[in-house]
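Residue numbers (the working numbering), protein chains in the order written: chain A, 1 to 294; chain B, 295 to 573.
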């Protein structure tokens with residue numbers, strides 16, 4: 001399509017095929033990519049703020065895999081599909097607790113342990129999910145694109161189911177900005193400044209899991225967005241969560257939106273998760289080195 | 295009954311991490327405008343006691359009252375933060391945060407939850423605290439670029455804009471050289487006099503504690519060994535038992551000070567407990 005044709009199709013004029021392509025295929029998918037990106041970006045920022053560590057992200061902590069397992073479980077059963085988002089959320093929350101429990105040691109909570117636990121849980125839940133998917137449908141393609149994270153073939157129905165949860169989650173997440181600003185001074189300072197620590201942690205964890213679960217239930221395990229985006233935003237606007245949170249959502253939307261376009265550019269459509277991993281994994285390595293140097 | 299109520303009171307306070315108590319059966323009273331120092335050897339539970347007094351830790355037993363109200367049951371976290379501030383030993387410093395922004399976070403307990411920006415009056419308090427702590431010229435600098443002493447003053451300024459009645463400080467002089475140690479304690483003393491602030495400090499240096507606080511609480515093995523004036527509490531016998539240190543009181547131009555003579559074994563301390571000492 002040329003620019004002019006796109007413009008005409010946007011106003012529901014011109015070639016009907018173009019109109020359909022734009023309105024039924026491109027538009028919902030672009031919107032969905034942005035919603036999912038926003039959810040992952042803010043979930044990452046929330047988790048990094050809550051744990052006081054820049055290596056936190058829903059994918060690395062296994063929250064995505066837990067949410068995904070619950071979603072896949074229901075979908076392959078073929079029943080109660082209406083409850084998929086809720087199930088994904090519970091799956092995400094339970095996984096958060098599991099990873100937290102595994103990583104906890106007598107000397108407190110080391111983030112390296114947290115990530116190890118997250119990766120282990122991710123691998124296990126990802127394997128179970130793939131098995132379920134393969135048992136239900138023997139095309140490897142489906143399981144694979146879910147594991148890597150893909151928005152292929154998604155449209156308005158997914159925008160509707162996930163969209164509402166994501167918008168609510170973004171609003172609730174932004175509401176935690178002040179608490180996160182105080183938490184970034186350390187736990188004792190935050191308590192001294194009137195933050196109810198346990199309650200705030202639970203709320204932030206629930207909201208982050210909600211966002212991650214909504215993203216996973218439509219896009220599969222898309223990695224690294226939640227890790228990279230908060231860092232990019234922090235480099236530019238600093239650590240004030242009142243700005244960091246909404247901008248992380250915007251940047252996440254922009255990042256995944258463009259990654260999804262990149263994914264479709266080639267002769268073969270790549271799962272968008274491949275693109276984010278290609279961009280994100282080197283960044284993760286760089287981040288680890290930075291931490292080592294500091 | 296006394297005519298004036300102690301501003302902070304703890305009774306039978308037992309607590310620690312998990313189910314294992316680190317401090318046991320601590321009772322103390324702090325009067326308004328007083329400066330109490332908590333001293334004791336490493337691992338004696340000083341920081342734990344401070345955390346119990348400031349609601350960072352939930353006690354296993356016992357209670358803490360601020361102005362006669364239970365800090366756990368009769369205050370919301372925010373209400374308590376309006377009256378009581380804690381300066382922990384270690385703080386995390388968010389990347390890129392300016393000194394002014396950091397200090398402004400101290401106004402958080404005074405804001406309703408929906409407020410997005412600090413009102414102008416609050417910013418004036420922030421500027422005032424920056425001046426008071428001598429940070430006026432550094433206000434725009436990122437906190438991570440400050441020296442240890444400047445950082446400590448920045449966090450003190452944060453605690454000041456919180457406008458507490460009671461300020462708890464956990465080893466505020468660690469990492470500071472002697473010059474900054476004295477400067478910080480002089481500043482605290484001035485604030486105590488000007489604002490009637492009640493101070494509770496954990497101090498490592500016995501002589502600084504003796505010099506600045508009228509009353510001293512000595513902890514050993516998680517128990518209160520003695521509380522009272524420096525001369526009453528830090529007797530050579532008790533210092534020997536608790537710290538394993540042979541000392542002698544000497545008089546100096548700034549009052550009495552302890553002069554350490556030798557390190558000695560401290561086997562007896564294990565058998566000490568509150569009851570023996572108070573009887």
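Glycine included, every Cβ here is placed at the ideal spot set by N, Cα and C.
For the C-beta of residue 184 (chain A), the chain B residues within less than 7 Å are, from N- to C-terminus, 386 and 388. With a cutoff of 8 Å on beta-carbon distance, residue 269 (chain A) and residue 152 (chain A) are scored as near each other. In the three-state scheme derived from DSSP, where H, G and I count as helix and E and B as strand, residue 519 (chain B) is classed as strand. Within the segment 481-536 of chain B, the complete beta strand (DSSP E) segments at least 3 residues long are 492-496, 509-514 and 517-522, listed from N- to C-terminus. Cβ-Cβ separation between residue 307 (chain B) and residue 353 (chain B): approximately 5 Å, consistent with a contact (criterion under 8 Å). The C-alpha of residue 176 (chain A) lies about 12 Å from the C-alpha of residue 240 (chain A). Judged by beta-carbon spacing, residue 328 (chain B) lies within the 8 Å limit of residue 508 (chain B), meaning their Cβ atoms are closer than that value. Against chain A, the beta carbon of residue 350 (chain B) has neighbours under 9 Å at 187, 188, 191, 192 and 197, listed in chain order. Within 9 Å of the CB of residue 410 (chain B), the CB atoms of chain A belong to 177, 178 and 242, in sequence order along the chain. Nearest to residue 27 (chain A) by C-alpha distance, out of A:155, A:43 and A:194, is A:155. Taking the C-beta atoms as reference points, residue 169 (chain A) is found nearer than 8 Å to residue 39 (chain A). Of all residues in the segment 213-241 of chain A, those with a C-beta nearer than 8 Å to a C-beta of chain B are 234, 238, 239 and 240, reading in chain order.
Judged by beta-carbon spacing, residue 204 (chain A) lies beyond the 8 Å limit of residue 371 (chain B), meaning their Cβ atoms are not closer than that value.
Counting C-beta pairs closer than 8 Å gives fewer than three between the segment 218-229 of chain A and the segment 384-401 of chain B, which falls short of the contact rule. In chain order, 48 place their CB closer than 6 Å to the CB of residue 54 (chain A), counting only its own chain and leaving out the 5 sequence neighbours on each side. 8 Å or more divides the Cβ of residue 245 (chain A) from the Cβ of residue 50 (chain A). Less than 8 Å divides the Cβ of residue 67 (chain A) from the Cβ of residue 89 (chain A). Rounded to the nearest whole angstrom, the C-alpha separation of residue 255 (chain A) and residue 178 (chain A) is 26 Å. Our two residues, residue 458 (chain B) and residue 489 (chain B), have alpha carbons roughly 10 Å apart in a direct line.
Residue 342 (chain B) sits away from residue 312 (chain B), with the two beta carbons spaced by 8 Å or more. Along the segment 356-382 of chain B, the positions whose C-beta sits under 9 Å from a C-beta of chain A are 370, 371, 372, 373, 374, 375, 376, 378, 379, 380, 381 and 382, read in chain order. Interface criterion not met: the Cβ of residue 53 (chain A) is under 8 Å from no Cβ in chain B. For residue 416 (chain B), the enclosing alpha helix (DSSP H) covers residues 414-426. Following the DSSP letters along the chain, one finds residue 260 (chain A) in no beta strand (DSSP E) but inside the alpha helix (DSSP H) bounded by residues 241-265. Here DSSP, grouped into helix, strand and coil, assigns residue 318 (chain B) to strand. For secondary structure counted as the alpha helix (DSSP H) over 4 or more consecutive residues, the segment 164-248 of chain A holds these complete runs in sequence order: 177-183, 187-192, 197-219 and 225-237. Between the segment 217-227 of chain A and the segment 363-382 of chain B, the count of C-beta pairs closer than 8 Å stays below three; the two stretches do not touch.
Closer than 8 Å to the CB of residue 402 (chain B) there is at least one CB belonging to chain A. Contact holds between the segment 465-485 of chain B and the segment 433-448 of chain B, because three or more Cβ pairs, one in each stretch, are under 8 Å apart. The Cβ atoms of residue 465 (chain B) and residue 498 (chain B) sit closer than 8 Å to each other. As summarised for the segment 53-96 of chain A, the continuous alpha helix (DSSP H) elements at least 4 residues long and confined to that stretch are 63-77, given in chain order. Of all residues in the segment 416-446 of chain B, only 436 place a beta-carbon less than 9 Å from a beta-carbon of chain A.
The DSSP-derived three-state label of residue 329 (chain B) is strand. Here the C-alpha atom of residue 396 (chain B) lies approximately 44 Å from the C-alpha atom of residue 556 (chain B). Boundaries of the alpha helix (DSSP H) around residue 28 (chain A): 27-51. Here DSSP, grouped into helix, strand and coil, assigns residue 355 (chain B) to strand.
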